[in-house]
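Visitor: Handing you this structure, nothing more for now.
Residue numbers (the numbering used here): 5 to 226.
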């Protein structure tokens, strides 16, 4: 049985507590799904120009005691979304890890388009998966049964999530973003929205009930 950590966040150890919570959550995912490979967990900026990466799985990036190890990055800008979304990022990347372990081609277009094989792997890990244009089966969310399964890890993540990274394009305190993204829904309506806002939670069209997604495939990526 998982027991939540008794360590309380403090100004000197916030980043280390966060990384420990992420690593413990990854290990719990691996215990439940042994095909998910070991990985080095990294917290860094997810901003790449107009793109915002909530996370990425990068094969064969590290050597650890002479052994090959993959990399899982958690984007610092997405941490403010809260523990359930951060768990969702880890599970999303774990599905890419399954694809790597099983030699399954789960993406194309430089990793931006997620195909049906990816959707099957993500569902195996307990995620709900939806297809959105133009990035395919990339929209993943954590349903209640999966959140309940990881209740202990969510407690640890909640305690550790006392920091997140500011978005690159903010102007001073309370300033507006210089780079608003064009986003479109299923019926073709368009809005412009800050990248950080779009990354926090889906913005749903009142006409077609579909989420707005970046109109350019380079805007947002897992």
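Glycine included, every Cβ here is placed at the ideal spot set by N, Cα and C.
Once DSSP output is grouped into helix, strand and coil, what is the label at residue 87?
Guide: Note: residue 87 maps to helix in three-state DSSP.
Visitor: How would you label residue 97, buried or exposed, when you count the other beta carbons within 10 angstroms and need 16 or more for buried?
Guide: Classification for residue 97: buried.
Visitor: Between 139, 55, 46, which has its C-alpha nearest residue 73's C-alpha?
Guide: 46
Visitor: Can you find the residues in the same chain that come closer than 6 Å, C-beta to C-beta, to residue 36, ignoring five residues on each side of it along the sequence?
Guide: none
Visitor: Following the continuous beta strand (DSSP E) through residue 119, name the residue where it begins and the one where it ends.
Guide: Counting along the chain, residue 119 falls outside any beta strand (DSSP E), and DSSP gives it neither H nor E.
Visitor: Compare the C-alpha of residue 87 against each of 77, 159, 39 and name the closest.
Guide: 159
Visitor: Quick check on the burial criterion: 16 or more other C-beta atoms within 10 angstroms. Buried or exposed for residue 135?
Guide: exposed
Visitor: Considering only residues of the same chain and omitting the five flanking positions on each side of residue 179, which have a CB-CB separation below 8 Å?
Guide: Residue placement at residue 179 is poorly supported in this model, since its pLDDT is 42, which falls under 50; the coordinates are not used for a value here.
Visitor: Can you name, in chain order, every residue of its own chain whose Cβ lies under 8 Å from the Cβ of residue 168, other than the five neighbours on each side?
Guide: 80, 81, 82, 83, 84
Visitor: Out of 89, 150, 141, 192, which one is the CA nearest neighbour of residue 110?
Guide: 141
Visitor: Pick out whichever of 108, 112, 128 has its Cα sitting closest to the Cα of residue 138.
Guide: The shortest Cα separation from residue 138 among 108, 112, 128 belongs to 112.
Visitor: Check for me: the alpha helix (DSSP H) holding residue 35 runs from which residue to which?
Guide: 18 to 36
Visitor: Beta-carbon separation of residue 60 and residue 77 under 9 Å?
Guide: Closer than 9 Å, so yes.
Visitor: State the Cα-Cα distance for the pair residue 228 and residue 58, rounded to the nearest angstrom.
Guide: For residue 228 there is no data in the structure shown, the boundaries of the chain being 5 and 226.
Visitor: Between the alpha carbons of residue 118 and residue 31, how many angstroms are there, rounded?
Guide: 24 Å
Visitor: Buried or exposed: which applies to residue 50, given that a residue is buried once 16 or more other Cβ atoms fall within 10 Å of its Cβ?
Guide: buried
Visitor: By the three-class DSSP mapping on this structure, what secondary structure does residue 129 have?
Guide: coil
Visitor: Count the other CB atoms, across all protein chains shown, that sit within 10 Å of the CB of residue 70; report buried if there are 16 or more and exposed otherwise.
Guide: exposed
Visitor: Are there 16 or more other CB atoms within 10 angstroms of the CB of residue 68, so buried, or fewer, so exposed?
Guide: With fewer than 16 other Cβ atoms within 10 Å, it is exposed.
Visitor: Would you decide whether residue 218 is buried or exposed? Buried here means 16 or more other CB atoms lie within 10 Å of its CB.
Guide: Buried is the call here.
Visitor: So the candidates are 128, 23, 131, 150; which of them puts its Cα closest to the Cα of residue 48?
Guide: 23
Visitor: Whole angstroms is fine: what's the gap from residue 56's alpha carbon to residue 89's?
Guide: 15 Å
Visitor: Suppose you measure from the CA of residue 28 to the CA of residue 166; what does that come to, to the nearest Å?
Guide: 17 Å
Visitor: Is the beta carbon of residue 128 less than 9 Å from the beta carbon of residue 147?
Guide: no
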